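Below is one structure, written out as structure tokens; the observations come after it.
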Amino acid sequence: MTLNAAIARFATLFAIAYLLLGARQVWLQVVAGPAIAADRHNPRLALLARFRGAIVARDGTLLAVSTPKGRSYPLGASLAHAVGYASATYGTSGLEAAFDADLSPRLVANDPVRQFRSLFGRGETDADQRGATVVTTIDPRVQSALYQGLSAFPRAAGIALDPRTGEVLAIASVPSFDPATIDRSFSTLARDPRSPLLDRALDGLYPPGSTFKIFTAAAALDAGAVTPDSTFEDTGGYQIGSFVVHDDESEATGEQDLAGAFALSSNVDFAQIALKLGAHRWFEYAGRWGFGRPLEFTLPAAVDHLPTRESVTPSILAQLGFGQADLLVTPLRMALIGATIASGGNEPRPYLVRAVRWNDGRQTPDASAGSLATPIASETASEVRDLMVACVESGTGTPAALPGVTVAGKTGTATNPAGRSHAWFVAFAPADAPRVAVAVVVENVGYGATYAAPIARRVLAAGLGPT
Amino acid sequence: MAVALGIGGFALSLAPRNSVGPPWALVLLALGALGWVLSAPRDTRRDELLPALSVMLTGLGLAMLARLSGDLAHKQEAWIGISLTLVLLSRRLFDHFRQFAAFKYVWVLGSIVLFALIAIFGQEVNGAKLWIRIGSIQFEPVEIIKLFMVLFMAAYLAETADVIAAAKPWSVRANAKYLGPLFLGWGASMAILVFERDIGMATLLLVTFVAMLYVATRRVDLVLGGAAVFALAAWWAVKHYPYVVARFQVWQNPFADPLGRGYQALQALFSLAAGGLFGTGYGLGHPYYIPAVGTDYIYAAWSEEFGALGGLVLIGAFLVVVQRGLAIAQAQPDLYAKLLATGLAVTLGVQTFIIIGGVLGLLPLTGITLPFISYGGSSLVANFLLIALVWAIGSERAASS
């Protein structure tokens, strides 16, 4: 090889190497650019914070919106946990976290066409940079009713769904906080022993108490272990080995059919129903409903805690029949149990966000009704619905009754190691064509009928609207 | 046209208010640059592209600096003035570049003295010992050493290339006799690595060294040997210098430690991402989030505001300069001139590749300057002299033909 040929080799080598540089440059700035720019460590995002997209309710009511003065949350503490906060210091939570990429302002540079037009001062407006709008399924009236009801107590949570679609109409957790002032209050909130930052509706795990009799009844009826005409004898106590099941305050309900046992919430009767069902079928139905598995939802939710199969002795199974023993569930789970009965045995897929809309007119297709499972037959669902209607008409659930509407519901008074019982209520209405399903829990106050049912009643009334 | 762009660059640097001092200084620099580009004697057919592109790159670099820091731009202007004065003064001298071959051991001695100065008076910055401070002036001797090494190598190889080329690779005696002094080159690279901890410059010297050796002898075993030395040295550096390990890890994943080690690299990525295809526009980006944006990362700042297209313009300009230098080398009648032009062109080309590749994350970042663009007096002076010398080699050929 001649000397000049060797030099020519270097010329070629440089041409290739620099071509590589050019390719890398275009790839980095044009192709990979958008993903890099969206990283939360990018300080340019803070400069664009006022262009962060809005979160709105189903009717367009603003739930979170950015202004030059900062991010404001018109509903404040009412919807704080689900909407979340967006702080430069403390990061994001709730929908602000789940939809951060969509809400984040868009760098014009990451769209070559827009950028080219902006070179000539065309089409470049604030709106171009504004992040997408997240349209939720929240109904502000229902939300307001739920939060007002809950906030009369120190610690409580609730969630309301449309059982036909799975849309979350309202979701609240008390105590709450003001997301607008999170930068100043975070350290105080994080240290508060009442855990105001915890979203009890999704992450609170509670013993369900007697509201779980909905499940026990549904499973036993569906499996054929009992019929609506089965009768049960409650003498105030029921011995299983060395363990004795008692009713609250040990009142004996005497001989009752299934509706009576359900309406009067007899623990003795439901212990017997659970034993008739048997551990094997109990777990089979728990599996059908998806208990103990992560719930598919817009936001992360805690997973229910179930006992292990090996640990379920007859006395444990008897207690599971009325929602005690080694069982912990979220309010979301209980609302879904109610919604499943309401929608004829179909467990709706819950969701909180209907669509994401960008300023250029693009939007994700509207979320549509989906199904998580069909754990029970529709005949079973209507039989359980009748039990729940009777409970509100003539049983423990009467405080939830609404004039002119048939309400189906079930009380729960869950004993727990933390103090007084948790008050529960799970309901839906109207019973024959349900539009709202709700679950409410009030921590450590006492009877579900006294404390939780009135809140559920209020939520149902708001959800059904002035008729 | 390139000159016009360069002068445009000088003018652009007026835009950021209070950043570059009096306009007359810029006019003076523009006139100086124009004078240099047009300083060809009438009796030769000079190729003005090399100085013109250098002036263009310098002007654009100054504009970028002016937008980043008025203080740096001010100092850079002074260095541009000094560089232009030096190339104008050295024009007559460089026309006699062939006589530089006689001083080959002077270049070695000069390099050793500069090394010694760094070892004794060097200031450590960011884990690397690169600077000598005289009063308020900081000086980076390696930039000059790289020129000295090329001058020495060209002269030495011009005399011994035939013998080295003829020597069988396995003949220890034949190789040792003539290659022996060449290990000085390797030695110098390693010295930089050990005493200055400047991986970028060590790599640059080694690559230049191997490239010249290859062109002179066309012996592939020497190239492979060079590659082996490099691999060994890199492995050793990774073992012994925690900051080298850190750089390497950052290169592999800048997102791993976003607020610590990866901070600078990540900020550069964000800067690039903000630029897109067309850039944010001059003065409209936010490149100042990047630490050391004026020196190591000025290319990221440029790319943020002038986009991927602006970056391609710079890459293209550098490639043209390097190709022109190699073409000049090919056109030379004698081995010495060929080697000298090749060495200078390769030095410039590799330095540019290392730093742009580092900024773009193609290579681990090493702190060397982007010729003509980065802030830095020694870099500016050395690269202006480099271009002046290549230009002189090219025009000498034209004069003699």
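Taken in order, these protein sequences are the chains called A and B. All letters in the first sequence, in the order written, are residues 3 to 469 by this note's numbering. All letters in the second sequence, in the order written, are residues 107 to 507 by this note's numbering. For every residue, glycine included, the Cβ atom is placed at its ideal position computed from N, Cα and C. Predicted model, so just to flag it, every value in this text is computed and none were measured.
With its beta carbon at least 7 Å from every one in chain B, residue 48 (chain A) lies outside the interface. Taken in chain order, the complete alpha helix (DSSP H) segments of 4 or more residues contained in the region 301-349 of chain A are 316-322 and 333-344. When DSSP reads this structure, residue 73 (chain A) sits in a beta bridge with A:68. Residue state for residue 161 (chain A) is assigned as strand, using DSSP reduced to three classes. Counting along the chain, residue 446 (chain A) sits inside no alpha helix (DSSP H), nor does DSSP assign it H or E at all.
By a beta-carbon distance limit of 8 Å, residue 298 (chain A) contacts residue 374 (chain A). Their separation comes to about 7 Å. Within the region 218-276 of chain A, the runs of alpha helix (DSSP H) that reach at least 4 residues and sit entirely inside it are, in chain order, 260-265. Neighbours of residue 475 (chain B) across chain A, judged by C-beta separation under 7 Å, do not exist; the nearest C-beta is about 16 Å away.
The beta carbon of residue 318 (chain B) sits closer than 8 Å to the beta carbons of 256, 259, 260, 263, 445, 448, 449 and 452 from its chain, once the five residues preceding and following it are set aside; these are given in chain order. Per DSSP, residue 474 (chain B) is not a residue of any alpha helix (DSSP H), being assigned neither H nor E.
Across the region 5-18 of chain A, CB contacts with chain B closer than 8 Å involve 5, 6, 8, 9, 10, 12, 13, 16 and 17, in sequence order along the chain. Between residue 407 (chain A) and residue 425 (chain A) a beta carbon distance of about 22 Å is seen, past the 8 Å cut, so the two are scored as non-contacting. Close to residue 111 (chain A), with beta-carbon spacing below 7 Å, are these residues of chain B in chain order: 380, 381, 382 and 386. When Cβ-Cβ separations below 7 Å define contact, residue 248 (chain A) makes no contact with chain B. Take residue 146 (chain A), set aside five residues on each side of it, and no residue of its chain has a beta-carbon closer than 6 Å to its own. For residue 348 (chain A), no chain B residue has a C-beta closer than 7 Å to its own C-beta; the minimum C-beta separation is roughly 43 Å. Chain-order list of chain B residues neighbouring residue 343 (chain A): empty, with the shortest C-beta distance near 48 Å, by a criterion of under 9 Å. At a cut-off of 7 Å, the C-beta of residue 364 (chain B) has a neighbouring C-beta in chain A. Beta-bridge pairing by DSSP links residue 404 (chain A) to A:407. At a cut-off of 7 Å, the C-beta of residue 316 (chain B) has no neighbouring C-beta in chain A.
In terms of Cα proximity to residue 265 (chain A), the closest of A:90, A:276 and A:412 is A:412.
Distance from the CA of residue 349 (chain B) to the CA of residue 184 (chain A), rounded to the nearest whole angstrom, comes to 38 Å. In this structure, residue 380 (chain B) lies away from residue 396 (chain B), with their beta-carbon atoms at least 7 Å apart.
Across the region 352-373 of chain A, no CB contact with chain B closer than 9 Å is found for any residue. Interface criterion not met: the Cβ of residue 465 (chain B) is under 7 Å from no Cβ in chain A. Residue 429 (chain A) has A:411 and A:440 as its beta-bridge partners, per DSSP.
Interface residue (Cβ-Cβ distance to chain B less than 7 Å): residue 430 (chain A) is not classified as such. For residue 445 (chain A), the number of other beta carbons within 10 angstroms of its own is at least 16, and it is reported as buried. Cβ atoms of residue 220 (chain B) and residue 250 (chain B) come within 8 Å of each other, at about 6 Å. The DSSP-derived three-state label of residue 422 (chain A) is strand. Secondary structure of residue 213 (chain A) (DSSP, three-state): helix. The C-beta of residue 202 (chain B) has fewer than 16 other C-beta atoms within 10 Å across all chains shown, which makes the residue exposed. Residue 189 (chain A) places its beta carbon 7 Å or farther from that of residue 82 (chain A).
Around residue 428 (chain B), the same chain offers 451, 454 and 455 as residues with beta carbons nearer than 7 Å, after the five sequence neighbours per side are excluded.
DSSP, reduced to helix, strand and coil, places residue 57 (chain A) within a strand of the structure shown. Against residue 24 (chain A), the close residues of chain B are 418 and 421, in the order they occur along the chain (beta-carbon pairs closer than 7 Å).
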